[in-house]
């Protein structure tokens, strides 16, 4: 076990590119996490490295180690061995961002980046390491707690008992956020009620439970037949969740542990829950609370815009069918009331890449945005929502804003939070001046 150094970006010292750190003090190093956790805080230790086939060592303070700004080789992730009947990766066409086809089930990535893991193949030593390193919070794809339902969902035998593993982590003080992808006819109804009940019993260790609708694309050739949650089912689910949320609040002292994805509320034309129900918004990446979080920031940006000498005049924002429904119900009335001089144009982008059943803005392709924007030729600036791009600014089909600008001939900017940010206003002023 060791972790290899790719390069040293800081002050030159003991370490060299290509060194493999094999131990820090008396503890062997397994990967980057060990190197980071074993050197946290103040102190010093003897570092042992393998260099050119020989073991070398030196005692260093943790501060000196940090000053060298070591960059390690990329971590090899633990692959996912489940075959979920609803797996979105199995429903994607070829030619998208390469990383989208990589399936991981790695507890380390769950801790570092919020990736959801199943715990289906976790080993006892992995659980022990999670506890020892205090890898908290973790994000767990539970979906169901009953073994027969889990095996149907995961498409494989499930040998581990999910509740036993979650209880072990809970007793150790590890905080978890649970996900339930709702697949009609499999884990809804009694199965859903059982799953929520068992997970809620783990509160406060299980800090949030998110129910999200299954995603169904047009690329399901050779896969099990699935269908989306219907409008009637969404309404029934919201009614049940409201009652269950109230019941759980009495048990948690007022904390809201059960959440439904914004998509259910928008589909059923129901009012989004208040911000207080989301706490610190732990499941934004799951589409839970994104609308309410956006509105909080939009209200702040409206007040800032009022104080600017050059108030923004307007903007065109590209969004999915569901995002357009949200903007028209919530954002447009707010703008009309508090910033009436601002013109908000919503460019609805039908999703041709994945099909009409995929309506969220986070799965928009550059090609679909270009196609929709060309129908709005008067737009001189186009804003793209932040959840449509990855950390490198690339959309799902690997296009970036420069690619879209070349096709449309207008400035294209990705909002960091809302379309009233200063950087968005500056980009749009450039387009309006042309």
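Residue numbers (our numbering): 450 to 883. Glycine residues also receive a C-beta, built at the ideal position from the N, C-alpha and C atoms.
Quiz item: Run through DSSP, which three-state label would residue 850 get?
Solution: Within the chain shown, numbered from 1, the residue matching residue 850 stands at position 401. Helix.
Quiz item: So does the region 654–667 actually touch the region 526–542, counting three or more Cβ pairs closer than 8 angstroms?
Solution: yes
Quiz item: How far does the beta strand (DSSP E) with residue 527 in it reach, from first residue to last?
Solution: Translated into the one-based positions of the chain shown, residue 527 becomes position 78. Element bounds for residue 527: n/a, residue is neither H nor E.
Self-check item: Cβ neighbours of residue 518 in the same chain (closer than 6 angstroms, five flanking residues each side left out)
Solution: As a working note, residue 518 is residue 69 in the chain shown. Answer for residue 518: 458 and 459, listed in chain order.
Quiz item: On the premise that residue 607 lies in contact with residue 599, defined as a C-beta separation below 8 angstroms, what is that separation, rounded to the nearest angstrom?
Solution: Taking the chain shown and counting its residues from 1, the one referred to as residue 599 is at position 150. Taking the chain shown and counting its residues from 1, the one referred to as residue 607 is at position 158. With 8 angstroms as the limit, residue 599 and residue 607 qualify as a contact, their Cβ atoms being about 5 angstroms apart.
Quiz prompt | Buried/exposed call for residue 882, threshold 16 Cβ in 10 Å | solution = As a position in the chain shown, residue 882 is number 433, starting the count at 1. Low confidence applies here, because residue 882 scores a pLDDT of 41, under 50, leaving its location unreliable and the question unanswered by this model.
Practice problem: Indicate the three-state DSSP secondary structure (helix, strand or coil) for residue 882 in the structure shown. | Solution: Within the chain shown, numbered from 1, the residue matching residue 882 stands at position 433. Because the pLDDT at residue 882 is just 41, under 50, the model does not fix this residue reliably, and the value given afterwards should be weighed accordingly. If DSSP states are grouped into helix, strand and coil, residue 882 belongs with the helices.
Quiz item: Which whole runs of the beta strand (DSSP E) in the region 667–697 are 3 residues long or more, in chain order?
Solution: none
Quiz item: If you draw a straight line from the C-alpha of residue 552 to the C-alpha of residue 867, how long is it?
Solution: Working through the chain shown from its first residue, we reach residue 552 at position 103. Working through the chain shown from its first residue, we reach residue 867 at position 418. Spanning the two alpha carbons is a distance of roughly 31 angstroms.
Quiz prompt | Three-way DSSP call (helix, strand, coil) for residue 494 in this model | solution = Counting from 1 along the chain shown, the entry for residue 494 is found at position 45. Here residue 494 carries a strand assignment [DSSP, helix/strand/coil].
Practice problem: Tell me whether the beta-carbon of residue 843 lies closer than 8 angstroms to the beta-carbon of residue 849. | Solution: Sequence index remark: in the chain shown, residue 843 carries index 394 (1-based). Sequence index remark: in the chain shown, residue 849 carries index 400 (1-based). Yes.
Exercise. State the start and end residues of the unbroken beta strand (DSSP E) segment that holds residue 473.
Key: Working through the chain shown from its first residue, we reach residue 473 at position 24. Per DSSP, the unbroken beta strand (DSSP E) holding residue 473 starts and ends at 469–473.
Quiz item: From residue 715 to residue 826, what distance separates their C-alpha atoms?
Solution: Sequence index remark: in the chain shown, residue 715 carries index 266 (1-based). Sequence index remark: in the chain shown, residue 826 carries index 377 (1-based). Straight-line Cα distance between these residues: approximately 28 angstroms.
Quiz prompt | Endpoints, the beta strand (DSSP E) within which residue 507 is located | solution = In the chain shown, the residue the question calls residue 507 occupies position 58. Residues 503–510.
Exercise. For residue 769, count neighbouring C-beta atoms within 10 Å of its own C-beta (all shown protein chains included) and say buried if the count is 16 or more, exposed if not.
Key: Stepping through the chain shown from its first residue, residue 769 is reached at position 320. Per the 10 Å Cβ criterion, buried.
Practice problem: Look at the Cβ atom of residue 654, then the Cβ atom of residue 593, and state whether they are nearer than 8 angstroms. | Solution: Taking the first residue of the chain shown as 1, we reach residue 654 at position 205. Taking the first residue of the chain shown as 1, we reach residue 593 at position 144. No. Outside cutoff.
Practice problem: Report buried or exposed for residue 638, applying the criterion of at least 16 other Cβ atoms within 10 angstroms of its Cβ. | Solution: The residue given as residue 638 occupies position 189 in the chain shown. It counts as exposed.
Quiz prompt | Extent of the continuous alpha helix (DSSP H) to which residue 435 belongs | solution = Beyond the ends of the chain as shown, which are 450 and 883, falls residue 435; an answer cannot be given.
Exercise. Count the other C-beta atoms from every protein chain shown that fall within 10 angstroms of the C-beta of residue 588, then say buried if there are 16 or more, exposed otherwise.
Key: The residue given as residue 588 occupies position 139 in the chain shown. That one is buried.
Exercise. Kindly indicate which three-state DSSP category residue 547 falls into: helix, strand or coil?
Key: Counted from its first residue, the chain shown places residue 547 at position 98. Residue 547 falls in the helix class under three-state DSSP.
Quiz prompt | Cutoff 6 angstroms; reference residue 522; Cβ partners in own chain excluding five residues on either side | solution = Along the chain shown, one-based indexing puts residue 522 at 73. So the list reads 453 and 455, once near-sequence residues are dropped.
Quiz prompt | residue 466, buried or exposed, once every other Cβ within 10 Å from all chains shown has been counted against 16 | solution = The residue given as residue 466 occupies position 17 in the chain shown. Exposed, since its Cβ has fewer than 16 Cβ neighbours within 10 Å.
Quiz item: Among 752, 837, 533 and 782, which residue has its Cα nearest to the Cα of residue 800?
Solution: Indexing the chain shown from 1 puts residue 800 at position 351. For residue 800, the nearest C-alpha among the options comes from 837.
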